[in-house]
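Novice: In the working numbering, the protein residues as written are 388 to 722.
Attaching a single structure in structure tokens format; questions to follow.
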Amino acid sequence: MNVFSAAVRKLTLQYLAVIMVLSLIFSFVLYQVANREITGSIRGQGRMIIERSGGFLDRREINRILQREQTLARQRLVGRLIVFNVVVLGAGALASYYLARETMVPLEKSVEAQARFTADASHELRTPLTAMRTEIEVALRSKKLSTSESKQLLTSNLEEVNRLESLVGGLLALARLPGGSVIKQKVELAPIVDKVVLRLRPISDQRSITVQTSIAQSLAVIASNDAVDRTLTILLDNAIKYSLKGGMIDIRASRYVKQVRISVTDSGVGIKPSDQAHIFERFYRADQSRTTSGQSGYGLGLAIARETVELYGGRIVVKSQPGKGSTFTVSLPSA
Ligand code: ADP
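Written as structure tokens, this is what we have:
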């Protein structure tokens with residue numbers, strides 16, 4: 388915060404310096420031109436008065452009066468230029484401050500978001516690490532640790548390690564997204580959807596969930612294979628995670644004018660309207676997902692999906708009814 392206040396102050400002074408230099412140059416040029424005009428016009432007036440008076444008036448007296456007039460006119464000019472520059476200084480200071488703030492606010496917001504993200508990430512990383520440390524410490528304190536207890540500890544630790552691995556993977560994906568090169572190419576949807584469904588089949592089979600697809604063979608989008616794969620994997624993984632055993636998931640895609648819409652519909656737990664506005668935020672998890680044992684993630688999947696899709700000029704939206712299910716629809720430019 389202090390760094391930004393100092394930067395705003397510095398920028399304000401720099402902008403103001405530029406404005407004042409321009410104003411002073413303008414005043415100097417104006418003074419030169421006006422002064423020449425005053426001198427010329429007073430000399431002309433002097434000649435005219437002497438000619439018209441026909442020698443009755445004292446030439447030296449006339450010159451003295453005209454010189455006084457000239458000095459007064461110059462003083463008036465300098466006075467006005469000083470007032471002008473003071474006004475420019477005041478207005479310039481306000482304008483410079485406004486411009487400096489406008490320049491710094493987006494930077495400040497992005498640094499704040501980064502700091503919040505780092506704090507959230509550290510918090511999420513610390514929780515499984517603390518759990519693992521406590522379990523290991525308790526086990527080490529025990530005098531006689533049986534083989535089955537050791538196995539139990541290792542299994543529990545492995546679960547935490549798996550969770551940490553997926554969290555770090557998510558964090559890396561988010562960190563790489565904005566800086567990564569955006570390769571735009573024609574991506575056929577049907578083969579990628581088949582690949583993703585096949586990859587997640589062990590999980591869907593385990594929960595007796597049927598995944599059906601309906602994608603025209605020729606349908607293609609402008610994106611990258613990785614982006615489409617990553618987005619669909621996140622959506623299908625969620626659809627499976629938040630479905631009840633024996634549920635149905637439907638993946639379909641169709642063209643709408645210049646876009647292709649791919650939707651993933653499940654008949655699972657659904658999302659409350661108050662949560663729908665937030666689920667695409669990093670680390671946001673809806674309440675009911677936390678209570679569904681063994682199925683909670685870190686709230687990064689949808690943030691990654693949205694940021695990925697937006698890189699390719701696409702959008703992702705959700706329609707959901709608690710207790711009935713959800714439909715996530717991704718729109719991408721059609722190829
Ligand atoms: P998570 O790792 O928690 O699944 P996501 O970012 O993928 O993180 O999802 C954020 C939240 O959105 C989830 O915690 C869950 O509450 C909700 N959510 C996402 N997909 C679904 C879905 N298909 N059905 C119900 N809730 C969902």
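All C-beta atoms, glycine included, are put in the ideal place defined by N, C-alpha and C.
These numbers come from a predicted model, not from an experiment.
DSSP beta-bridge partners for R672?
Specialist: DSSP lists no partner for R672.
Novice: In its own chain, which residues sit with a C-beta less than 7 Å from the C-beta of R446, not counting the 5 before and 5 after it?
Specialist: The answer, listed in chain order, is I437.
Novice: Tell me which residues share the same chain as P589 and place their Cβ nearer than 6 Å to its Cβ, disregarding the 5 neighbours each side in the sequence.
Specialist: So no residue of the chain qualifies.
Novice: Please report the distance separating the alpha-carbon of I596 from that of G655.
Specialist: Approximately 10 Å between the Cα atoms of the pair.
Novice: Less than 7 Å between the beta carbons of I609 and A722, yes or no?
Specialist: Yes; because the gap between Cβ atoms is below 7 Å, this pair is in contact.
Novice: Grouping DSSP H, G and I as helix and E and B as strand, with all else coil, what is Q593?
Specialist: Helix, per DSSP.
Novice: Are there 16 or more other CB atoms within 10 angstroms of the CB of N625, so buried, or fewer, so exposed?
Specialist: So N625 ends up on the buried side.
Novice: State the Cα-Cα distance for the pair Q462 and A482, rounded to the nearest angstrom.
Specialist: Roughly 30 Å separates the two Cα atoms.
Novice: What residue does the alpha helix (DSSP H) around G477 start on, and which one ends it?
Specialist: 446-528 is the extent of the alpha helix (DSSP H) around G477.
Novice: Is it buried or exposed, L527, if we count other Cβ atoms within 10 angstroms and call 16 or more buried?
Specialist: Flag for L527 reads exposed.
Novice: Using a Cβ-Cβ cutoff of less than 6 Å, which residues in the same chain neighbour D507 once the five nearest sequence positions on both sides are dropped?
Specialist: Counting only Cβ-Cβ distances below 6 Å, and skipping sequence neighbours, we find F670.
Novice: For F471, tell me which candidate among T517, L417, T514 has the shortest Cα-Cα distance.
Specialist: For F471, the nearest C-alpha among the options comes from L417.
Novice: Restricting to runs no shorter than 4 residues, where is the alpha helix (DSSP H) found entirely within the segment 620-705?
Specialist: As far as the segment 620-705 is concerned, its whole alpha helix (DSSP H) runs of at least 4 residues are 660-663, 674-678, 688-698.
Novice: Using CA atoms only, rank isn't needed, just tell me which of Q539, R503, S533, F504 is closest to M519.
Specialist: Answer by Cα proximity: Q539.
Novice: According to DSSP, is I436 helix, strand or coil?
Specialist: Looking at I436 - three-state DSSP - the assignment turns out to be helix.
Novice: Note the first and the last residue of the continuous beta strand (DSSP E) segment covering L719.
Specialist: That run of the beta strand (DSSP E) goes 712-720.
Novice: Which residue or residues does DSSP assign as beta-bridge partners of Q572?
Specialist: Answer is A610, bridged to Q572.
Novice: Which value, in whole angstroms, describes the spacing of the CA atoms of T542 and S529?
Specialist: Spanning the two alpha carbons is a distance of roughly 18 Å.
Novice: Count the other C-beta atoms from every protein chain shown that fall within 10 angstroms of the C-beta of S535, then say buried if there are 16 or more, exposed otherwise.
Specialist: The residue is exposed, with fewer than 16 neighbouring Cβ atoms inside 10 Å.
Novice: Cα separation between S622 and G556?
Specialist: The sequence shown places Leu at residue 622, not Ser. So the alpha carbons of these two residues sit roughly 16 Å apart.
Novice: Using a Cβ-Cβ cut-off of 8 Å (strictly less than) and excluding sequence neighbours within five positions of K571, which residues of its own chain qualify?
Specialist: Around K571: I609, A610, S611, Y699.
Novice: Would you tell me roughly how many angstroms separate the C-alpha atoms of Q604 and P578, rounded to the nearest one?
Specialist: Their Cα atoms are separated by approximately 8 Å.
Novice: Determine the contact status of G479 and L400, defining contact as a CB-CB distance below 7 Å.
Specialist: No, Cβ-Cβ distance for G479 and L400 is not below 7 Å.
Novice: Smallest Cα separation from S661: which of S650, V651, D674?
Specialist: Ranking S650, V651, D674 by Cα distance to S661 puts D674 first.
Novice: Let me check understanding here. Comparing Cα to Cα, which of V704, E697, G684 lies closest to R373?
Specialist: This structure does not reach residue 373, given that the chain is present from 388 up to 722, and the question cannot be answered.
Novice: Measuring straight from C-alpha to C-alpha, what distance separates T490 and R503?
Specialist: Rounded to whole angstroms, T490 to R503 spans 21 Å at the Cα level.
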